[in-house]
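Here's the structure, in C-alpha cells; my notes come after.
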Amino acid sequence: MSGLADLTLGFIPLTDCAPLVVAKSLGFFAEEGLEVTLSREASWATIRDKVAVGALDGAHMLAPMALAAGLGDDGVVAAPMLAPLALNLNGSAITVSTALADALRAVDPEGMAADTVTARPLARLIEARRGQGAPPLIFAVVFPYSMHSYALRYWLAQAGVDPDHDVRLVVTPPPRVVAHLQSGGIDGFCVGAPWNAVAVSEGVGEILIKASTFWPGGPDKVFGVTEAWAARRPDDLRAALRALIRASAWADEPGNHAELVALLSRPDHVGAEPEVLARALKQEIVFHRDAAGLPRREHALWFLSQMVRWGQVGPDLDLEAVADQVYRPDLFREAALSVGPVVEPAMVFADAPPPPPAALFDGAPFDPADSRGYAAGFAIGRVQG
Amino acid sequence: MRVLVIDPDPARAALVAEGLAGVDPLQVRQATTFDEREVLEFAPDVVVIASDSPDRDILESLRESSVSNPRPVVMFVDRSEPGLAEQAVRAGVAAYIVDGLSPARVRPILDVAMSRFALTQQLRGDLAKAKADLESRKTVERAKGLLMKERGLDEDGAYRLLRKLAMDKGRPIGAVAADLLAFANILKGDAS
Numbered sequence: 001m002s003g004l005a006d007l008t009l010g011f012i013p014l015t016d017c018a019p020l021v022v023a024k025s026l027g028f029f030a031e032e033g034l035e036v037t038l039s040r041e042a043s044w045a046t047i048r049d050k051v052a053v054g055a056l057d058g059a060h061m062l063a064p065m066a067l068a069a070g071l072g073d074d075g076v077v078a079a080p081m082l083a084p085l086a087l088n089l090n091g092s093a094i095t096v097s098t099a100l101a102d103a104l105r106a107v108d109p110e111g112m113a114a115d116t117v118t119a120r121p122l123a124r125l126i127e128a129r130r131g132q133g134a135p136p137l138i139f140a141v142v143f144p145y146s147m148h149s150y151a152l153r154y155w156l157a158q159a160g161v162d163p164d165h166d167v168r169l170v171v172t173p174p175p176r177v178v179a180h181l182q183s184g185g186i187d188g189f190c191v192g193a194p195w196n197a198v199a200v201s202e203g204v205g206e207i208l209i210k211a212s213t214f215w216p217g218g219p220d221k222v223f224g225v226t227e228a229w230a231a232r233r234p235d236d237l238r239a240a241l242r243a244l245i246r247a248s249a250w251a252d253e254p255g256n257h258a259e260l261v262a263l264l265s266r267p268d269h270v271g272a273e274p275e276v277l278a279r280a281l282k283q284e285i286v287f288h289r290d291a292a293g294l295p296r297r298e299h300a301l302w303f304l305s306q307m308v309r310w311g312q313v314g315p316d317l318d319l320e321a322v323a324d325q326v327y328r329p330d331l332f333r334e335a336a337l338s339v340g341p342v343v344e345p346a347m348v349f350a351d352a353p354p355p356p357p358a359a360l361f362d363g364a365p366f367d368p369a370d371s372r373g374y375a376a377g378f379a380i381g382r383v384q385g
Numbered sequence: 001m002r003v004l005v006i007d008p009d010p011a012r013a014a015l016v017a018e019g020l021a022g023v024d025p026l027q028v029r030q031a032t033t034f035d036e037r038e039v040l041e042f043a044p045d046v047v048v049i050a051s052d053s054p055d056r057d058i059l060e061s062l063r064e065s066s067v068s069n070p071r072p073v074v075m076f077v078d079r080s081e082p083g084l085a086e087q088a089v090r091a092g093v094a095a096y097i098v099d100g101l102s103p104a105r106v107r108p109i110l111d112v113a114m115s116r117f118a119l120t121q122q123l124r125g126d127l128a129k130a131k132a133d134l135e136s137r138k139t140v141e142r143a144k145g146l147l148m149k150e151r152g153l154d155e156d157g158a159y160r161l162l163r164k165l166a167m168d169k170g171r172p173i174g175a176v177a178a179d180l181l182a183f184a185n186i187l188k189g190d191a192s
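In order, the protein sequence lines correspond to chains A and B.
Counted from 1, the first sequence has number 295 at position 295 by my numbering; the numbering is strictly sequential.
Counted from 1, the second sequence has number 77 at position 77 by my numbering; the numbering is strictly sequential.
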C-alpha cells in the first residue's frame with residue numbers, strides 16, 4: 001500500500017470551498033501524505049450529520065453550525081465539533097430583487113445612494129406597505145445557524161426592522177436563490193459567493209451591502225471535524241490543516257485566480273460561470289492574508305452572542321466554554337508554524353498583537369468579554385429569560 | 001398517518017412510496033422538491049427526505065421555534081436505539097416528524113425507506129456493472145475484428161490471442177482490448 005491515509009471531506013458548492021478544492025486538485029493533500037476524496041453535498045444538515053456519524057472525516061462548514069453541533073439540539077446526532085481553521089473572511093452579501101431595489105430607491109433615494117446602505121429604506125418601505133395591507137417581504141438565508149442569517153437579522157434590526165415580525169425569513173438552498181428571486185418567490189437573500197454575483201449578472205438582483213462592508217474581515221466558513229476524530233487522528237488532522245493553509249495562501253494570490261476560477265467552475269465543484277466566480281474573488285473574499293485562517297475566539301463569541309440574541313440558545317449556556325471547546329486557534333498555530341514562511345508570523349504566535357476590535361458597519365462596539373451583555377443590549381432581539 | 005417523500009430522484013421516491021404502502025394505514029405522497037403550499041395542504045405527519053436533496057435545509061429551518069410555524073418539526077433520531085441515526089445517514093435518508101408523534105410509529109417508515117434506498121443503490125450498481133460488461137464485450141469484439149484484419153487470424157484465433165495477452169499482463173481482457181484499440185488509433189493517426 002502507498003501508506004497514504006484515506007480521508008473523505010465534504011463541501012457545499014460555494015466559492016469558499018476553494019481551499020479544499022485547491023488542496024486536492026493541486027496535490028497539497030497528497031504532498032502531506034493524504035489520499036483525499038472530496039464529496040459534494042447538497043445541504044448543510046447532511047454535512048453536519050455525515051461528519052457527526054463519521055461518514056465524512058471533515059468538511060466545509062458554516063462556523064455557527066460547528067458551534068451549535070455539540071449543544072445536543074433535539075433530534076440531532078450530538079457530536080461536539082472542532083473548528084481548527086477558518087476557511088475565509090467575507091464573501092457573502094445581501095441582495096434584493098431589482099423590483100425591490102427600485103421601490104427602495106423611490107422611498108429613500110439618499111439611503112440607497114449611501115456608501116453603506118442600511119435597512120432604513122427597507123424600514124420605510126415596510127411601513128408604507130403595512131399601510132396598504134401588502135403581504136410581508138420574504139428574505140431567504142441558507143441555514144438558521146449561519147453568518148448569513150445573523151448578518152441579515154443584524155442589518156434588518158439595526159434599522160428597526162424586526163426580522164421575525166416585519167419580514168418573513170425562509171431557508172432556500174443556495175443554488176435556488178437566484179431562480180426564486182427571479183420568480184418573485186423571495187424578495188431578497190443573504191448568501192455566500194458566487195450567488196450574489198450570479199443574481200447581478202443575470203439582471204435579477206442588486207447587491208445592497210457586502211459582507212466586507214457589513215463587517216470588514218468578518219468570519220464566515222470553517223473547516224470542521226468532530227472532537228472525537230481529532231483526538232483519534234491528530235497527525236492526519238495536522239497534515240490536512242497544513243495542506244489547507246497552503247491551499248488558502250495559493251488561492252489568495254491574484255496570479256492564481258484564473259486557475260482557481262477554472263477549478264471552481266467545474267461542474268463537480270461549484271459549477272458556476274467563470275466570470276461571476278472571478279468577480280467575487282476579486283472584490284471580496286479572503287482565504288489567507290490578514291490571518292484569515294486563524295479561528296478567532298472573538299468570532300466564535302460574536303456568533304454565540306447572536307444565538308443568544310435570537311433565542312437559539314438558552315440563558316444557561318456557558319458561551320466562553322463553548323467558544324474555547326470548538327474554536328481551536330492552538331491547532332491552527334501548530335500546523336501553520338510547521339508550514340513555515342507561507343504564513344505571516346504575526347498570526348501564529350500567541351503573543352501577537354491583538355486583532356483590531358470587531359467593527360460592524362453601525363459602529364456598535366462588541367466586547368468579547370461580555371457577549372451576553374452585548375446580546376441583551378439590542379433594541380430588537382429574542383433573548384430568553 | 002400522512003407521509004411525504006421528498007426525493008430529487010423520482011424513481012427512488014416511487015420505490016419508497018410503494019414500500020410504504022404496505023405499512024400501517026398510510027397516505028403517501030411523493031415530491032421532487034419541498035413546496036410549502038403542498039406541505040400546508042397535505043399536512044404530513046412525517047417527511048422522509050433524501051440526503052441528496054438540497055431542500056433538507058428547509059426542513060432543518062422549520063425545527064426552529066418560529067412564530068409562523070405552529071407545528072414544529074423535529075428530526076427523527078431514536079435515542080433508544082443507538083446506531084439507527086448513523087445507519088440512516090449512511091443510507092442517505094433522513095426523517096422529520098411533527099412534534100409529538102411517537103418514535104415507535106416512525107421507525108417502520110424509516111426502515112422501509114432505508115431498505116428501499118439500499119435496494120436502489122444495488123439496482124444502480126448492477127445496472128452500471130451490466131453497462132460496463134456490455135461495453136467491455138463490445139470492445140473485445142472490435143479488438144477481435146482488428147486482429148482478424150491485421151493479423152489474418154480467424155475469430156477463435158483472435159480471441160485466444162487477446163486472452164493470452166490478458167493472462168500475460170494479468171489484466172482484464174476488456175482492458176487489454178481497449179489498449180489495443182487505442183494503440184491502433186494512434187498508429188492510424190501517425191500513418192495519415
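By construction, the Cβ of each residue, glycine as well, lies at the ideal position given by its N, Cα and C atoms.
Would you say residue i lies against chain A (beta-carbon separation less than 8 Å)?
i: B:R193; result: Nothing about residue 193 of chain B can be reported from this structure: the residues present for chain B run from 1 to 192 only.
i: B:E64; result: yes
i: B:P193; result: Given that chain B is displayed from residue 1 to residue 192, the structure contains no residue 193 of chain B and the question cannot be resolved.
i: B:R12; result: no
i: B:A31; result: no
i: B:A104; result: no
i: B:E38; result: no
i: B:A85; result: yes
i: B:S80; result: no
i: B:E60; result: yes
i: B:V16; result: no
Could you check whether residue j and residue i sit closer than 8 Å to each other, using their CB atoms as the reference points?
i: B:I97; j: B:L20; result: no
i: A:A83; j: A:Y374; result: no
i: A:F139; j: A:F214; result: no
i: A:T226; j: A:M81; result: yes
i: A:H60; j: A:F223; result: yes
i: A:A159; j: A:T116; result: no
i: A:S371; j: A:L301; result: yes
i: A:V198; j: A:A272; result: yes
i: A:A335; j: A:R232; result: no
i: A:W310; j: A:G381; result: yes
i: B:D78; j: B:A50; result: no
i: B:V3; j: B:L26; result: yes
i: A:S201; j: A:V276; result: yes
Quick one: list the residues of chain A neighbouring residue i, beta-carbon separation under 8 Å, in chain order.
i: B:D57; result: S43, W44, A45, V142, F143, V171, P173
For residue i, which residues in chain B fall below 8 Å Cβ to Cβ?
i: A:K221; result: By Cβ distance, chain B contributes nothing, its closest Cβ being about 15 Å from A:K221, past 8 Å.
Compare the C-alpha of residue i against each of the options and name the closest.
i: A:R120; options: A:I138, A:G203, A:A101, A:G131; result: A:A101
i: A:K210; options: A:V53, A:I94, A:L34; result: A:I94
i: A:A251; options: A:L14, A:D370, A:G54, A:A18; result: A:A18
i: A:V308; options: A:T118, A:L152, A:P13, A:Q384; result: A:Q384
i: B:V74; options: B:A95, B:E86, B:E81; result: B:A95
i: A:A228; options: A:V21, A:G54, A:G293; result: A:G54
i: B:R90; options: B:R105, B:F76, B:M114; result: B:M114
i: A:E284; options: A:G217, A:R124, A:R130; result: A:G217
i: A:A323; options: A:A369, A:A335, A:A364; result: A:A369
i: B:N185; options: B:K169, B:G174, B:R142, B:I173; result: B:R142
i: A:A258; options: A:P234, A:P136, A:A278; result: A:A278
i: A:D391; options: A:G58, A:A280, A:P194; result: Limits of chain A in this structure are 1 at one end and 385 at the other, which puts residue 391 of chain A out of reach.
i: B:S80; options: B:S102, B:F42, B:S136, B:S51; result: B:S102
i: A:L87; options: A:A280, A:F143, A:R289; result: A:R289
i: B:R163; options: B:G174, B:D57, B:F183; result: B:G174
If the cut is a Cβ gap below 7 Å, which residues of chain A does residue i touch?
i: B:S115; result: Going along chain A, no residue has its Cβ under 7 Å from B:S115, so there is no contact; the nearest lies around 18 Å.
i: B:D52; result: A42
i: B:V89; result: D49, K50, V53, A55
Return no unless some Cβ of chain B is closer than 8 Å to the Cβ of residue i.
i: A:G10; result: no
i: A:S2; result: At A:S2 the pLDDT is 46, less than 50, meaning the model places this residue with poor confidence; the figure from the coordinates comes in the next sentence. Answer no: the Cβ-Cβ gap between A:S2 and chain B never drops below 8 Å.
Name, going along the chain, the residues of the stretch 42-71 of chain A whose beta-carbon falls closer than 8 Å to a beta-carbon of chain B. Listed in sequence order: A42, S43, W44, A45, T46, D49, K50, A52, V53, G54, A55.
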